[in-house]
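A short write-up of the structure that comes next.
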Amino acid sequence: MLQAQTLMALSRSRSEQRRRDHAAPRRTGAGGAGDPGSGGDSDGDDSSNGSGGGGGGSTVDPAGMPLVSTILPRRQFAPDNACIPGRQQTRLYNIADVDPWVIQRINTLTIMTMTLEVLSRALPFRPDHLITGPNVRGLMAALSWNGFTGANIPEPMSFEITVDGRLGFLIERYSAVEFQDLIAYWESTHLFPVPSSLIRSDPYLVTFVVERKNRRSHVGARWKQILNLFLIAMREGWCDLDLLLDPYFLHFPKRTDEVAWYPGIEARSTNIADPQLNRREPADLIEALAECDATDPWRTHYRLDHAGHPARRIARLAGKFFNMAALNPNAPPLAPQP
Numbered sequence: 001m002l003q004a005q006t007l008m009a010l011s012r013s014r015s016e017q018r019r020r021d022h023a024a025p026r027r028t029g030a031g032g033a034g035d036p037g038s039g040g041d042s043d044g045d046d047s048s049n050g051s052g053g054g055g056g057g058s059t060v061d062p063a064g065m066p067l068v069s070t071i072l073p074r075r076q077f078a079p080d081n082a083c084i085p086g087r088q089q090t091r092l093y094n095i096a097d098v099d100p101w102v103i104q105r106i107n108t109l110t111i112m113t114m115t116l117e118v119l120s121r122a123l124p125f126r127p128d129h130l131i132t133g134p135n136v137r138g139l140m141a142a143l144s145w146n147g148f149t150g151a152n153i154p155e156p157m158s159f160e161i162t163v164d165g166r167l168g169f170l171i172e173r174y175s176a177v178e179f180q181d182l183i184a185y186w187e188s189t190h191l192f193p194v195p196s197s198l199i200r201s202d203p204y205l206v207t208f209v210v211e212r213k214n215r216r217s218h219v220g221a222r223w224k225q226i227l228n229l230f231l232i233a234m235r236e237g238w239c240d241l242d243l244l245l246d247p248y249f250l251h252f253p254k255r256t257d258e259v260a261w262y263p264g265i266e267a268r269s270t271n272i273a274d275p276q277l278n279r280r281e282p283a284d285l286i287e288a289l290a291e292c293d294a295t296d297p298w299r300t301h302y303r304l305d306h307a308g309h310p311a312r313r314i315a316r317l318a319g320k321f322f323n324m325a326a327l328n329p330n331a332p333p334l335a336p337q338p
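Under UniProt numbering, the residue at position 230 of the sequence shown is numbered 230, and the numbers go up by one with no gaps.
Quick look at the structure:
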């Protein structure tokens, strides 16, 4: 009920604001080209001649999207020559001015003519010279995900690895799923773009992209099974939510997290920040991977940097679920789940 009342109040407030905006006199630009919804002088650049402003002003911008005067800004944040890319005119930028955007593309675009298709492909850094069929084959052949296993699996800090009962069964099932899906866990923080043109020209990359997508889908289903066991363990009193913070567990980034990997971007960014360093850029994906993992330990889920794991800074985790044991240790083991 409270949420519904809040939503109704917000709706009334917005409606009243729209009525006030509609009743207020329209602002005119410095050149008298009309209201902010018109095509004239819309980039805030004094060199604009206001062409296209006509008389009454247009309600649609050059990209075909409607312009509603009541939600336009009172002023544009910057003149045309400070926008990336230029609003109405193309600009020739220096690499440092637009990093990490691809300068060859930025120099040919304008905001007012940019389409959704162009925008969706305007990734900040496309390492096309590294993303090749042979390089991807070499990267996958290196089995880099094996670095998550063996001695690199951290000792749990909140529970005892020898625990029995429901919690022990949960840990056992999780460990099996982690081992089964190591590639997917590794790919979750090393997801590099593969150009469509390259995919079409290389059957190996067609298979690679499809299988990578399928791996993520399958591990999601198995992770939900683990979470179901976790819910039962919490309800039985074995643990609480903090268990999932333990460095022992690997987690998939949310799809909204910025985890895309652009191989070679570390060296490139360093050289742009300080050209005197002249840092050598990686020659292949194996070199780019080592550079990436050394720069960002979270990409290896801190399996190569145990001390740096954020959970180490949460004091309450240490030993929180120690000394847990089954009420009936002689009970038959739980049946494995499919």
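We treat Cβ as the ideally placed atom computed from N, Cα and C, and that holds for glycine.
Collapsing the DSSP output to three states places ALA260 in a strand. Straight through space, the alpha carbons of THR90 and PHE77 are spaced by roughly 18 Å. Judged by DSSP in its simplified three-state form, THR108 adopts coil rather than helix or strand.
Comparing C-alpha distances from PHE249 to each of SER269, LEU227 and TYR262 shows the shortest one belongs to LEU227. For TYR93, there is no enclosing alpha helix (DSSP H), as DSSP gives it neither H nor E. With fewer than three CB-CB distances shorter than 8 Å, the segment 215 to 223 does not count as touching the segment 149 to 159. Checking the DSSP bridge columns, you'll see GLY86 partnered with THR110. Under a 10 Å Cβ-count criterion, GLU178 is classified as buried, with 16 or more other Cβ atoms of the shown protein chains found around its own Cβ. With contacts defined as CB atoms closer than 9 Å, VAL163 and MET324 qualify as a contacting pair. Using a Cβ distance threshold of 9 Å, THR189 and HIS301 count as a contacting pair. GLU155: not part of any alpha helix (DSSP H); DSSP gives it neither H nor E. Per DSSP, the continuous alpha helix (DSSP H) segment holding HIS218 begins and ends at 203 to 236. ALA96 is the residue among THR115, HIS306, LEU198 and ALA96 whose C-alpha sits nearest the C-alpha of ASP274. ILE131 places its beta carbon 9 Å or farther from that of PRO282.
Residue burial is scored here from C-beta neighbours: PRO85 has at least 16 other C-beta atoms within 10 angstroms and is therefore classed as buried.
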